[in-house]
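Asks: Below: one structure in structure tokens.
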Amino acid sequence: MRIGVVTFPGSLDDRDAQRAIRLAGATPVALWHGEHDLHGVDALVLPGGFSYGDYLRCGAIASLSPIMAEVIDAANKGMPVLGICNGFQMLTEAHLLEGGLIRNEAGAFICRDQRLRIENSSTDWTNGFTDKQEITIPLKNGEGGFIASAETLARLEGEGRVIARYLDVNPNGSLNDIAGVTNARGNVVGLMPHPEHAVEPGFGPDTAAAMRSGIDGLAFFTSVIERSLVNA
1 MRIGVVTFPG SLDDRDAQRA IRLAGATPVA LWHGEHDLHG VDALVLPGGF
51 SYGDYLRCGA IASLSPIMAE VIDAANKGMP VLGICNGFQM LTEAHLLEGG
101 LIRNEAGAFI CRDQRLRIEN SSTDWTNGFT DKQEITIPLK NGEGGFIASA
151 ETLARLEGEG RVIARYLDVN PNGSLNDIAG VTNARGNVVG LMPHPEHAVE
201 PGFGPDTAAA MRSGIDGLAF FTSVIERSLV NA
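Every letter in the sequence shown is one number past the one before it in UniProt numbering, and letter 164, counting from 1, is 164.
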């Protein structure tokens, strides 16, 4: 399986996403924001970072990059797309996901290992988990507060489109403790914490077994690979 990772001016975690894809067993394909070519990939990751310096609104300028026309078209045709942190912001700005992300409630950038509860294990990116499974992956954002109208929020909750929720503490003031959502089809997922930073022993969050041994994020990437094999 070939999974594209789009680099935008200001992307920070594109190489980390590529490494996570490789560790999961797929082939990462580097894509550039200024192209109109997805190079035949089977899935896409929009990585974290500070695209275009987070000017205007986070993800707003990147959502209008040339390659996003192809990303939107592919997503609407069913291609799996994962937006991580800044990538999540891009997906909302591109109207592939509902809601939006605003400045953290405390007004400060937050970096911490964050416990989550998986609420929907049926999407292309979460089928390797079980419903209500608790995981820990890193979180780092300044504009991670998920917002939506009361009507939209009720629809997301009612249709089971919240894919992950914060546990122990809500780090950014997200409504209903929402850490990630999906579209109705389940192929497009936005997640504020960073699964690509918890894929390799020695480099992830601390666990009871050993320091920095957490690899809970790897299942996001193996999930899309397994789903692709099932659908092949």
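Here a beta-carbon is modelled for each residue, glycine too, at the ideal position from N, C-alpha and C.
1) With a Cβ-Cβ cutoff of 9 Å, do Leu56 and Ala75 count as a contact?
2) Could you give the residue range of the alpha helix (DSSP H) that holds Thr92?
3) Near Thr182, which residues of its chain fall below 6 Å by C-beta distance, leaving aside the five closest residues on each side in sequence?
4) Classify Met211 as buried or exposed, calling it buried when 16 or more other Cβ atoms lie within 10 Å of its own Cβ.
5) Using only alpha-carbon positions, find the residue among Leu167, Leu156 and Glu159 that is nearest to Lys132.
6) Okay, do the segment 191-210 and the segment 132-143 touch, 3+ Cβ pairs below 8 Å being the bar?
7) By alpha-carbon positions, which one of Pro171, Ser63, Thr152 and Ile225 ends up nearest to Arg103?
8) In whole angstroms, give me the CA-to-CA distance for Ser65 and Ala208.
9) Over the uninterrupted beta strand (DSSP E) stretch that includes Ile110, give me the two end residues.
10) Please check the pair Ile147 and Leu175, which I expect to be a contact at CB under 8 Å, by giving their CB distance rounded to whole angstroms.
11) Got a sec? Which residues, its chain only, sit under 6 Å from Met1 by beta carbon, not counting five neighbours each side?
12) Any idea if Val230 is buried or exposed, counting beta-carbon neighbours within 10 angstroms, 16 or more meaning buried?
13) In angstroms with no decimal places, state the Cα-to-Cα distance between Leu12 and Glu157.
14) Out of curiosity, what's the CA-to-CA distance linking Ala106 and Gly202?
15) For the ligand MN, I want to know if Gly202 counts as a neighbour, meaning its beta carbon is within less than 8 Å of at least one of the ligand's heavy atoms.
16) Just to confirm, is the Cβ distance from Phe88 to Ser223 under 9 Å?
17) Looking only at its chain, what residues have a beta carbon closer than 7 Å to the beta carbon of Asn127, apart from the 5 residues adjacent to it on each side?
18) Please name the residue in Cys111, Gly100 and Ile21 whose C-alpha comes closest to that of Gly217.
Replies: Per the coordinate set shown:
1) no
2) Asn86 to Glu93
3) Thr123, Arg161, Ile163 and Val189
4) exposed
5) Leu167
6) yes
7) Pro171
8) 43 Å
9) Ile110 to Ile118
10) 6 Å
11) Ala26, Asp42, Ile225 and Ser228
12) exposed
13) 31 Å
14) 31 Å
15) The ligand MN is absent from the structure shown, which contains no ligand whatsoever.
16) no
17) Ser121, Ser223, Glu226 and Arg227
18) Ile21
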